[in-house]
Each structure stands twice: as C-alpha cells, then as structure tokens.
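A.B. asks:
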Amino acid sequence: MKSQQSKGAIVLPPAESVLQRLIQNTLLFQEGRLLGFETKGTITNQVQETVRHRSVIALVDSVAYAVPEEIENRKDEQFAAIARFVESLKTKYDVKVDSLLLKSLDYGSADAGMQAYLRDSSDVICMSPTGAMRVSSLTRNLMFQEFHGMVGKPNAEQIRDDYFEEWLTEALLTYESRAQGYPERPNMIMLARYMTRDLVLEETVGLLSDVNHVPTDHEVQAFYEANIEHLTPPGRVKVQSVILAGEEPARLFKERLDQGAQMAWLADRTAEVLDEVAAIPTTWLIPSMIGIEPNQAKIGLILDPMEVPGGWVVAQITDVEETTPVPLTECRDEVLRRLKAEQISGSVVDSIRRLVEAADIVTVPDAVELVAAHLEEWKRKNDAQ
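Just add 962 to wherever you are in the sequence shown, counting from 1, and you've got my numbering.
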C-alpha cells in the first residue's frame, strides 16, 4: 500500500475487501500445502537460509549494542567489539588454519594443473566447529563471488585471503547463533512461518497462472477490437494560456473564464497578467504535461491554476488531436501480451472462486470490525512515523 501510494495520505481499502483477501490467501495456502509445496526444497532452502542469516545478524547486533551509547566513536567501537568477538570464537572452538596451504592456493595462475587442484582437492584448509573446510569448497564458494574467474588478477591473493576470512567468520557466527538458540527464538519461528506462507502462496498462484492456451487468430482479432481504446495513442492538445503574478488572481481569472469570458479579452483587462513572461507553449502537448488524463482532454476545458516558475498559469484547451488505433499488424505482440495477462487473471480468479465455493468458511461475528480496527491502528502508527 505504501509503495503504491507514495504521495499523500494512504487510503485504506474497505475492511470487507481485506477480510475477503485474507480468506482467499488462506485457501490458496491450504491448497499449496495439499500440493506439497510447504516441503518443496526450493522453499525450505530459502526459509532456512533467511533464518540463518537473520540469526547471525541478531547475534552480531547483540554484540554491537552492548557497547555503551555514551562512548566516543561508538560505531568504530562497535566494529572493534564485533572483531574481538569473532577472534574469541576462534579461540573458543580451537580453530586451526593451515596458513601455508592457504597461501599456496594460486587463484591467479593460468596453469591448468593448479586450476584443477583448486577445483577438486579435498585438502583441509581449516578445522572449525562446522567441520573441515576444504580447498574445493573454498573454490566453489569463491567462484559465486568471482564468477568471471581470477586468472591474471594482480590482487588474486588479497581476494582469496579476504574471502577466506569472511567465509570462516560466517561459519563461526552461524554455529554460535545456533548454539545460543537464535533460530528457535519466537521471532525467528514467526519469520519462518510467514516466509513459508508467502512462498507457498507464490508457488500456488504461479501454478494457477500457468495458462498454455494458444489463442486463434479470431480470438486475437476479437480481443484487439474489444480493447481498441487501450491500443489507441492518446491525442495531443493545444492550449492558450496566460501567467499571472499570484494564486489568488489566477483563481479569479479562471472563475471569470468559467463564467464565459474570452481569454484574450480578459487578459487585456487583467492587470495581474504578466505579458513579459512566457506561459505554456502553443505547440502540440501530451495531456500529462498539463496535468490531465487523455480521456479528460476536450476543446474548451479550462484547467485549474498551476504554479510555475515566475507565477501561476491558467490554460484552456483549444484543440485536440484526432488519433487512430494502431493496426493489429503493428501491435500484435502487445495484444498477445494483454490477452495472456487476461487469461492468467481469469484462471486465477476462477480457481479462487472454486476454492471458495468448495470450502466451509467460518468467521467470528465481528470479523469485519476487527479488521477495520487493525487497519486504523496500522494507519495511526504509520502516520505517526
């Protein structure tokens, strides 16, 4: 809602509509569970990785926020505290790093034998609480970051060392966050539940949206004719306009135009009109340039005063360009795209309708009032921010 209404006050949808959407989403989620999406690897892996990552962040935050607020250069001290914490984990878990082996890994080398060793070797670089960290594992993970390769890079050694330190740090923090029970905390359990629900909903809707019908030429032609308005470019307009010194004179000027006065005649008799300042150009203009929708454009329309650099403009449309629809041969791809979108929408709507009809739906007597109260509370908090 906030992204769709970035300007001005947020208009809340009716509570009845929200309750209906909640019911539909629940039915779609239940259908997704019946189809086994909740245990699908692509979903469970995403949820587990998100919980792991957020647990690490929570652990690191707990270390950072332990630094007193009143301390000087608190941000620097927080980073230093995190670094000390990671070093303490290396000691706590008796981490052993084979520094000589690490230094011998020449990712910048073009030698085929070295590159094969980096890809395939099971030699252990480090022993950490998560287990053995091997050369091939480091290479595989490093290539996700350096997917163009590192052969010939002058800073290949630095990239290798920095990545290994990040890799080890992430492993230690992940292990420690699990040891402290972060993934089992209520907020993480709720995060996993909501994320699973969202992903199952997305997968279910995606399945319902999988429409494979290939429209016939007759169907394409019929859809084109039914949507001819959307396939007709907006007509441009011409205006006559004047610019006045202030908002109040501009509003009074418009009122007199609305009463039937002619703009040229009225401009000659209005002292506040600024003759030496250019108003709106008299060339063809796109309707949006003067703040109106294409379907609003009509000859004689008097626009509300608009503030511009140097004053306030009052304009009246004097001409509207005649336009013709784009021929089907020139917009067939657009027609097919719109037709496909309509078919997908129709498929989803029909599937939801059938789910609703087949379900035994029970709501508490004051469900609408509860939703309305929640919406108002959310809006109050959002407006206060």
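Heads up, the beta-carbon is just placed ideally off N, CA and C, and yes, glycines get one too.
(1) Between which two residues does the beta strand (DSSP E) harbouring Arg995 extend?
(2) Taking only heavy atoms of the ligand ZN into account, decide whether any of them is closer than 8 Å to the Cβ of Leu1080.
(3) For my contact list, Leu1134 and Val1048 are in at a C-beta cut-off of 8 Å; report their separation, rounded to the angstrom.
(4) In this structure, how does DSSP classify Asp1281 when only helix, strand and coil are distinguished?
(5) For Met1112, count the other beta carbons within 10 Å of its own beta carbon; 16 or more makes it buried, fewer makes it exposed. Which is it?
(6) When the Cα atoms are used, what is the spatial distance from Lys1115 to Gly1070?
(7) What number of angstroms, rounded off, separates the C-alpha of Gln992 from the C-alpha of Met1251?
(8) Pick out whichever of Ile1019, Leu1263, Pro1195 has its Cα sitting closest to the Cα of Tyr1137.
(9) With DSSP run on the structure shown, which of helix, strand or coil describes Val973?
(10) Cα separation between Asp1060 and Val1086?
(11) Ordered along the chain, which non-local residues of its own chain (more than five positions away) have a Cβ less than 6 Å from that of Leu1193?
(12) In whole angstroms, what is the alpha-carbon distance linking Gly994 and Leu1170?
(13) For a test of the three-state rule: what should DSSP assign to Ala1094, helix, strand or coil?
(14) Assign Ala1212 to buried or exposed, taking buried as 16 or more other Cβ atoms, counted over all protein chains shown, within 10 Å of its Cβ.
(15) Can you have a look at Lys1216 and say buried or exposed, based on whether 16 or more other CB atoms are within 10 angstroms of its CB?
(16) Could you check the C-alpha separation between Asn1103 and Glu1296 for me, to the nearest Å?
(17) Give the range of the alpha helix (DSSP H) segment to which Ser1050 is assigned.
(18) Go through its chain and collect everything with a Cβ distance to Met1076's Cβ below 8 Å, but skip five positions before and after it.
(19) Given this structure, state the Cα-to-Cα distance separating Trp1340 from Val980, to the nearest angstrom.
(20) Work out the CA separation of Leu974 and Asp1345 for me, nearest whole Å.
(21) Could you give the C-beta distance for Ala1207 and Glu1234, rounded to a whole number, given that I count them as a contact under 8 Å?
(22) Tell me whether Ser1061 sits in a helix, a strand or coil according to DSSP, three-state version.
(23) Mind pulling the alpha helix (DSSP H) runs of 4 or more residues that sit fully within the region 1113–1146?
(24) Could you tell me which of Gln1008, Arg1081, Val1167, Thr1325 sits nearest to Leu997, measuring between CA atoms?
(25) Across which residues does DSSP place Gly1273 in a beta bridge pair?
(26) Can you have a look at Ser1066 and say buried or exposed, based on whether 16 or more other CB atoms are within 10 angstroms of its CB?
(27) What does the alpha-carbon distance come out to for the pair Ser1313 and Met1150?
(28) Tell me the rounded alpha-carbon separation between Ala1118 and Thr1004.
(29) What's the gap between the Cα of Ala1321 and the Cα of Leu990?
(30) Just checking my contact of Cys1088 with Lys1054 at CB under 8 Å: how many whole Å lie between their CB atoms?
(31) Please name the residue or residues paired with Gln1202 in a DSSP beta bridge.
(32) Check for me: the alpha helix (DSSP H) holding Leu1161 runs from which residue to which?
C.D. replies: This is what the structure gives:
(1) Segment 977–996 is the alpha helix (DSSP H) holding Arg995; no beta strand (DSSP E) there.
(2) In the structure shown, the ligand ZN is absent, as is every other ligand, since no ligand is present at all.
(3) 6 Å
(4) strand
(5) Residue environment for Met1112: buried (at least 16 other C-beta atoms within 10 angstroms of its C-beta).
(6) 6 Å
(7) Pairing Gln992 with Met1251, the inter-Cα distance amounts to about 48 Å.
(8) Ile1019
(9) Residue state, collapsed to three classes: coil.
(10) 8 Å
(11) Pro1287, Val1288, Cys1293
(12) 11 Å
(13) Strand at Ala1094.
(14) buried
(15) buried
(16) 42 Å
(17) 1036–1054
(18) Asp1068
(19) 13 Å
(20) 12 Å
(21) 5 Å
(22) helix
(23) Fully enclosed alpha helix (DSSP H) runs of 4 or longer: 1118–1141.
(24) Val1167
(25) Val1270
(26) exposed
(27) Roughly 33 Å between the two C-alpha positions.
(28) 33 Å
(29) 11 Å
(30) With a Cβ gap of about 15 Å, Cys1088 and Lys1054 do not count as contacting.
(31) Residue pairing by DSSP places Gln1202 opposite Gln1278 in a beta bridge.
(32) 1148–1170
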